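S.K.:
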Amino acid sequence: MGFDLTPPNSTRSRIFAAYAAARSSYEPVGINVGELAHECDRYLWYSFRRVSAPEKIEGRKLRIFDTGDIEEQRILDDLRAVGCTIKDEQSRVRLVGGHVRGKIDAQALGVPEAPKTIHIVECKSSNEKGFKELAAKGVRLAKPLHFGQCQIYMHGCGLSRAIYVCVNKNDDDIYVERVAYDAEFCLRLLARAERIIRADDPPGRISDKPSVPPCLWCRHKAVCHEGAWPRRNCRTCLHSTPVLTSENACWDCAKHHKPLTLDEQAAGCRQANAPSAQAAAIYAVGGKETQLPNNDLSGSDPREHQERRFRENSP
Ligand code: SF4
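All you need for this note's numbering is the position in the sequence shown, starting with 1, plus 91.
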């Protein structure tokens, strides 16, 4: 991609700036259903633990998201036009203690191929290359994240079919596939999610080659491969534990003996008082005054422990 030489006050840059200004920064509460089938366990663990800074999404990309929302409404209208009844738009799915979460696009009754079966509706758009691959291989092989989404939404809503509709951004062609519920796939995916959520240490890397996909594009590459510091927040502290006994994505703090709100999780109890790298290391392993387990940090440099905690367990 070439340099962007657009003057900073031009109409174009102001439009994109307006998109960026309209969106407050947002971090997912848990693991998004749309990412659950990600190929790297460690990626999901790092995301869940908020190890890296939240992605800064530029205005142009936000406009693409906006286009996706408009396309979704068009697809739902298209389904209505062929006789479907659409309901439950944007209804929530919460699984694994609420730590796995997402919103379905809708449910549809009256799909021409099976008019009496309620379907999960999953609306997508794709560039020409992705669309051709989808048409050749089907959603399971061509778009594994989307396939995982369809499956988990069927599981969460107790339905046995999904209708996956993808529009070609180039020529408005439409790919439609009915997806059957695969119970074994879902149970495996959810068991994996629970293992990742419960894990105190990062799972192994999918690859030791940071210059090759998927690591090349991964937003956690700096922490995973390049020695960057994890962020300081409650989820990178050894005292915090995700709770799986409710459906509300709760976290508990064993140091202060209390549940943690989302704001508290983001702030962390020692963040304001831990400006140095050394203090950051202490913070990230749980606090200086902490009674440390015998086999854990006693007598060791906290930074070393943190290094172990966030980067070990490579394959
Ligand atoms: S950099 Fe690679 S191994 Fe590390 S979390 Fe990302 S995808 Fe996984």
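Glycine included, each C-beta is placed from N, C-alpha and C at the ideal position.
Every value quoted in this text rests on a predicted model; they were computed, and no experiment measured them.
When DSSP labels each residue in this structure, what does Tyr134 get in the three-state scheme?
M.R.: Correct three-state label for Tyr134: helix.
S.K.: Taking buried to mean at least 16 other C-beta atoms within 10 Å of its own C-beta, is Asp392 buried or exposed?
M.R.: Per-residue confidence for Asp392 stands at a pLDDT of 41, beneath the threshold of 50, marking its modelled position as unreliable; no derived number is given.
S.K.: Does at least one heavy atom of the ligand SF4 sit under 8 Å from the Cβ of Cys131?
M.R.: Indeed, a heavy atom of the ligand SF4 lies less than 8 Å from the Cβ.
S.K.: Would Cys309 pass as a contact of Cys131 if the rule is Cβ separation under 9 Å?
M.R.: Yes.
S.K.: I need the DSSP call for Cys325, collapsed to helix, strand or coil.
M.R.: Cys325 falls in the helix class under three-state DSSP.
S.K.: Quick one: grab the DSSP three-state call for Gly193.
M.R.: Here Gly193 sits in strand by DSSP.
S.K.: To which residues does DSSP link Leu351 through a beta bridge?
M.R.: Partner(s): Trp342.
S.K.: Measuring from the CB of Arg296, is there a heavy atom of the ligand SF4 at a distance below 8 Å?
M.R.: Yes, the beta carbon of Arg296 sits closer than 8 Å to at least one heavy atom of the ligand SF4.
S.K.: Tell me the rounded alpha-carbon separation between Ile287 and Pro294.
M.R.: Taking the straight line from one Cα to the other gives about 7 Å.
S.K.: Going along the chain, which unbroken runs of the alpha helix (DSSP H) with 4 or more residues stay wholly within the segment 223-248?
M.R.: Qualifying alpha helix (DSSP H) stretches, in chain order: 230-233, 235-248.
S.K.: With DSSP collapsed to three states, give me the class of Val142.
M.R.: DSSP places Val142 in coil when its eight states are reduced to three.
S.K.: Closer than 7 Å by C-beta to Asn339: which residues in its own chain qualify, once you throw out the five before and the five after it? Chain order, please.
M.R.: Once the five neighbours on either side are set aside, the close Cβ partners of Asn339 are Gly189.
S.K.: Which one of Ser104, Val124, Arg114, Arg323 has the shortest CA to CA distance from Gly247?
M.R.: With distances taken between Cα atoms, Gly247 lies closest to Val124.
S.K.: Any chance the segment 138-149 sits against the segment 320-330, with 3 or more Cβ pairs inside 8 Å?
M.R.: With the cut-off at 8 Å, the segment 138-149 and the segment 320-330 touch.
S.K.: Helix, strand or coil: how does DSSP classify Val124 here?
M.R.: Helix.
S.K.: Please confirm if the segment 193-202 is in contact with the segment 344-362, defined as three or more CB-CB distances below 8 Å between the two stretches.
M.R.: The answer is no - the segment 344-362 does not touch the segment 193-202, with fewer than three Cβ pairs under 8 Å.
S.K.: Roughly how many angstroms separate the alpha carbons of Leu186 and Arg192, rounded to a whole number?
M.R.: Going from the Cα of Leu186 to the Cα of Arg192 covers about 6 Å.
S.K.: I think Glu118 touches Pro145, with their Cβ atoms under 8 Å apart; what is that distance to the nearest whole Å?
M.R.: Right, the Cβ-Cβ distance comes to about 5 Å (below 8 Å), so this counts as a contact.
S.K.: I believe Lys215 touches Cys257 by the beta-carbon criterion, under 8 Å. Please report the beta-carbon distance rounded to the nearest angstrom.
M.R.: The pair is a contact, with the Cβ atoms about 4 Å apart (cut-off 8 Å).
S.K.: Taking Ser217 as the reference, which of Asp262, Cys344, Ala113 has the closest Cα?
M.R.: It is Asp262.
S.K.: Would you say Lys349 touches the ligand SF4, meaning its beta carbon is less than 8 Å from a heavy atom?
M.R.: Not so, every heavy atom of the ligand SF4 lies at least 8 Å from the Cβ.
S.K.: I want to see whether chain B comes within less than 9 Å of Lys260, judged by CB atoms only; does it?
M.R.: No chain B is present in this structure, which holds just one protein chain.
S.K.: Classify Glu317 as buried or exposed, calling it buried when 16 or more other Cβ atoms lie within 10 Å of its own Cβ.
M.R.: Exposed.
S.K.: Below 8 Å on the Cβ atoms is my contact criterion, and I expect Ala128 with Leu236 to pass it. Report the Cβ-Cβ distance as a whole number of Å.
M.R.: With a Cβ gap of about 5 Å, Ala128 and Leu236 count as contacting.
S.K.: Mapping the DSSP letters down to three states, classify Gln181 as helix, strand or coil.
M.R.: In the structure shown, Gln181 sits in coil (DSSP, three-state: anything other than H, G, I, E or B).
S.K.: Taking DSSP as the reference, what is the three-state secondary structure of Ala199?
M.R.: DSSP places Ala199 in strand when its eight states are reduced to three.
S.K.: Under 6 Å Cβ to Cβ from Leu250, same chain only, skipping five residues before and after it: list those, please.
M.R.: Excluding residues within five positions, the ones whose Cβ falls inside 6 Å are Ile209, Ile211.
S.K.: At a threshold of 8 Å, does Cys309 count as lining the ligand ATP (C-beta to nearest heavy atom)?
M.R.: The ligand ATP is not part of the structure shown, which contains the ligand SF4 as its ligands.
S.K.: Let me make sure I understand the geometry here. Which of Gln181, Lys152, Leu335, Leu280 has the alpha-carbon closest to that of Ile106?
M.R.: Ranking the options by Cα distance to Ile106, first place goes to Lys152.
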